[in-house]
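K.L.:
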Amino acid sequence: MGFKKLMFVVLLSCSALFAAAQKGYTTVNGTIHLKKMDSSIVELYKVKMGTLEKVDSIKMLVNGDSTFTFSFKPGYKGYYMIGIALPKARFIYSDIAKYCFYAKGSDVVNMDITDLTSYTMAAGNTKENQILSEWNKMLLATKLNPLKNGADFKAAYAVVDSLDGLSKEWIKKQHSGNAAFDALLKRTVPNDVALYATRYVNSPRPANSKWEQKSEDFGAYILHTDFKELMRDGFILNLPFGQQELNGLTGVMGRLDRLKGDTVKTENEYYERVFRYIPNDTLKGVYMASGISYIRSYEKLKDFETKYGKYLTTPEQKQMLADQFKKVSEFKKGTPGYNFTYKDAKGNKVSFSDLKGKVVLIDVWATWCGPCKAELPYLRKLEDEFHGNDNIVFVGLSSDEDVNLEKWKTFVAENDLKGIQLKADGGFRSGFTTVYKINAIPRFMVFDKQGKVVTIDAPRPSEPALKELLLQTLNN
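Residues -21 to -1, 1 to 455 in mature numbering (1 follows the signal peptide of the UniProt record, and there is no 0) are what the sequence shown lists, from first letter to last.
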């Protein structure tokens, strides 16, 4: 090692030791044991309202045994996380390459990251972090991999039940000497079990998997755990993935209710049911705020604000609502529609302006989209109900990639799709999807006879509300 490099390492070590010696500071020394990867960023996170907020970051090349050091003054005594940001990697779960530790100030954490899901903190650590490391190891040994076990839900829920039992016995034996940490851990463990259990229930399944048909299929843990109690006082907002857990808990409760025949038909009914699940007003606000970005219609957002705005109490939540209003105001009711021009299956050009004088329903879809295809029978029924009415036109706008043009033509012919069937140039990056900021399909949109927006986020054909909206638009 050269003299300059040696001096740099010595100075870095001295700097870390000096920071650790400062009263109230926590120093995290880490070694990453991973094979060579693209240039990565190691990040330090704090927990804020059940999500992660970056505190600091170090850009480095992860290659074999790579080391890093963070020194910071904790703003609270509780959980923090180290994360490895891998620009070219995509993970289905956000806790992959994230490693939790407990900080209280005037302490040192020595972390060995052994792979994308596991880490150890043994010698040279506080008792709190040794216990936390042991819990992580226990989770890894027993926690469920939904994608791996998705074809056999009975075996999967047996793992859930086993984890629940083991965790209850394990937590009884843990004593760190820090009463505040022990109380925190005692409530963390059941929430971690819930997070992993509900993740399985709400995960996509392989094509050959069997879905739960009755409540008993979920196993003892899912069936008998009081999920409302986990949301009673908002404790989960102290956890790194608390908001994910909140969404997971309400999702599972909804699944159980649907199996009992308790279904909802409208968005308002859905929100009212979720509010029955969540007993804490702060958590209601967090849940509602998490869905703001998915409301694409100005009218729907205004309705949302009227009914649920009172639950958005923090400055961040209020700003999220204001930002979304700014985004959707561009296409609120009465604004002119985007004048596209695309070709039909025979190569004929059709422009939006050609349809002026008629109420227009546009279905943005793709041949690869399962939910899009699930709506086709309902759409066909709706078209039949308006058959012979020259004042309305149904437009199917495919967002298939241009290389799949022939596949789209074949699908249109084989399924005898009616109305005007168009293929958007550029697929999911077409002018239409870009202008209307469409990032998920199917999307149904309604325009009046003057070519102006009625809504860019209409109900689906499977919802009676769409027919009512079309009739109302025709009569205006």
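Every residue gets a Cβ at the ideal spot worked out from N, C-alpha and C, and that includes glycine. What you are looking at is a predicted structure, and each value in this text was computed from that prediction instead of being measured.
1) Given this structure, state the Cα-to-Cα distance separating residue 344 from residue 295, to the nearest angstrom.
2) If you follow the beta strand (DSSP E) that residue 423 is in, where does it begin and where does it stop?
3) Within the continuous beta strand (DSSP E) that includes residue 395, where are the two ends?
4) What are the start and end residues of each continuous alpha helix (DSSP H) run of 4 or more residues lying completely inside the stretch 351 to 395, in chain order?
5) Buried or exposed: which applies to residue 422, given that a residue is buried once 16 or more other Cβ atoms fall within 10 Å of its Cβ?
6) Which value, in whole angstroms, describes the spacing of the CA atoms of residue 354 and residue 272?
7) Starting from residue 161, follow the alpha helix (DSSP H) in both directions and report where the run begins and ends.
8) By Cβ distance, which residues of its chain are closer than 8 Å to residue 57, with the 5 residues on each side in sequence left out?
9) Count the other C-beta atoms from every protein chain shown that fall within 10 angstroms of the C-beta of residue 440, then say buried if there are 16 or more, exposed otherwise.
10) In terms of alpha-carbon separation, which member of 332, 391, 335, 380 lies closest to residue 359?
11) Starting from residue 265, trace the alpha helix (DSSP H) both ways and give me its first and last residue.
12) Since I believe residue 60 is in contact with residue 77 (beta carbons under 8 Å), could you give me their beta-carbon distance rounded to a whole number of angstroms?
13) At which residues does the beta strand (DSSP E) containing residue 322 begin and terminate?
14) Quick one: what does DSSP say residue 215 is sitting in, helix, strand or coil?
15) Helix, strand or coil: how does DSSP classify residue 154 here?
16) Can you grab the Cα-Cα spacing for the pair residue 445 / residue 158, in whole Å?
17) Under 8 Å, do residue 291 and residue 210 count as touching if we go by C-beta distance?
18) Count the other C-beta atoms from every protein chain shown that fall within 10 angstroms of the C-beta of residue 457, then say buried if there are 16 or more, exposed otherwise.
19) Which partner residues of residue 62 appear in the DSSP bridge assignment?
20) Between the alpha carbons of residue 456 and residue 213, how many angstroms are there, rounded?
21) Which residues does DSSP pair with residue 432 in a beta bridge?
22) Excluding the 5 residues preceding and the 5 following residue 34 in the sequence, name in chain order all residues of the same chain whose CB lies nearer than 7 Å to its CB.
23) Inspect the CB distances between the stretch 330 to 337 and the stretch 304 to 312 and report whether three or more fall short of 8 Å.
24) Is the stretch 247 to 264 touching the stretch 278 to 291, taking contact as three or more C-beta pairs under 8 Å?
25) Nearest CA to the CA of residue 74: which residue from 100, 30, 316, 381?
26) Can you grab the Cα-Cα spacing for the pair residue 402 / residue 341, in whole Å?
27) Quick one: what's got a C-beta closer than 7 Å to residue 254's C-beta in the same chain, skipping five residues either side?
28) Could you round the C-beta distance between residue 410 and residue 319 to whole angstroms and report it? I think they count as a contact, below 8 Å.
29) Mind reading off the beta-carbon distance from residue 311 to residue 278? Whole number of angstroms is fine, and I expect it under 8 Å.
30) Three-state secondary structure (DSSP) at residue 235?
31) Counting C-beta neighbours from all protein chains within 10 Å, is the total for residue 500 16 or more, i.e. buried, or is it exposed?
P.N.:
By the coordinates alone:
1) 34 Å
2) 422 to 426
3) Looking at the DSSP string, residue 395 is not in any beta strand (DSSP E), and its letter there is neither H nor E.
4) 384 to 393
5) buried
6) 23 Å
7) 158 to 180
8) 26, 81, 82, 163, 217
9) buried
10) 391
11) 260 to 269
12) 5 Å
13) 320 to 323
14) helix
15) coil
16) 57 Å
17) no
18) Nothing about residue 457 can be reported from this structure: the residues present for the chain run from -21 to 455 only.
19) 22, 77
20) Beyond the ends of the chain as shown, which are -21 and 455, falls residue 456; an answer cannot be given.
21) 426
22) 23, 24, 25, 51
23) no
24) yes
25) 30
26) 12 Å
27) 263
28) 6 Å
29) 7 Å
30) helix
31) It is not possible to answer for residue 500, since the shown part of the chain is limited to -21 through 455.
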